[in-house]
Amino acid sequence: MKTKKTLRARGSSFDSWLNNQGEIFKAKVIAGAMKRQFVIKLREMMKAKHIGVNVLQKMMGTGPSQMQRLLDPEDVGISLKSIAKLLAVMGAHGKITVESKTFF
Numbered sequence: 016m017k018t019k020k021t022l023r024a025r026g027s028s029f030d031s032w033l034n035n036q037g038e039i040f041k042a043k044v045i046a047g048a049m050k051r052q053f054v055i056k057l058r059e060m061m062k063a064k065h066i067g068v069n070v071l072q073k074m075m076g077t078g079p080s081q082m083q084r085l086l087d088p089e090d091v092g093i094s095l096k097s098i099a100k101l102l103a104v105m106g107a108h109g110k111i112t113v114e115s116k117t118f119f
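16 is the number of the first residue of the sequence shown in this note's numbering; add one for each residue after it.
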């Protein structure tokens, strides 16, 4: 009977690598992760409510380029005001929490 080999991680963890990259880089990575999570949740809500991009754009009273920025997981430069408006037209709410730094 064959035995399974256990793979062990080599080198440092992603967290320690990220820690060595500097605060600005870490902030960009964190902002990117937050935006991706936001877009995933938003798309799930849109699907559940059967709301397409064009309908959402009309509900928000905005243009296609603004809608594209809101739905782009890589574009982290959207304002809190835009996020709040988007959540309001979707009948949702959001919250921002600040916690002690337990990683990095």
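Glycine is no exception: its CB is placed at the ideal position from the N, C-alpha and C atoms.
- request: Please confirm if the region 73-86 is in contact with the region 107-118, defined as three or more CB-CB distances below 8 Å between the two stretches.
  value: no
Sequence-distant residues of its chain with Cβ nearer than 6 Å to D90 (five each side left out): Here the question's residue 90 lines up with position 75 in the sequence shown. Same-chain partners within the cutoff: R84.
- request: Report yes if the CB atom of V44 is closer than 8 Å to the CB atom of P88, and no otherwise.
  value: Translated into positions along the sequence shown, residue 44 becomes position 29. Translated into positions along the sequence shown, residue 88 becomes position 73. For V44 and P88, no; Cβs fall outside 8 Å.
- prompt: What number of angstroms, rounded off, separates the C-alpha of G47 from the C-alpha of N69?
  reply: Position 32 of the sequence shown, counting from 1, holds the residue named residue 47. Position 54 of the sequence shown, counting from 1, holds the residue named residue 69. So the two alpha carbons sit approximately 25 Å from each other.
field: Option in K62, S31, A63, M82 with minimal Cα separation from L101
entry: Position 86 of the sequence shown holds residue 101. For L101, the nearest C-alpha among the options comes from M82.
- request: May I ask you to report which of helix, strand or coil DSSP gives M105?
  value: Counting from 1 along the sequence shown, the entry for residue 105 is found at position 90. If DSSP states are grouped into helix, strand and coil, M105 belongs with coil.
Distance between V113 and E59 (C-alpha atoms, nearest Å): Locating residue 59 in the sequence shown gives position 44, counting from the first residue. Locating residue 113 in the sequence shown gives position 98, counting from the first residue. Their backbone Cα atoms lie some 25 Å apart in a straight line.
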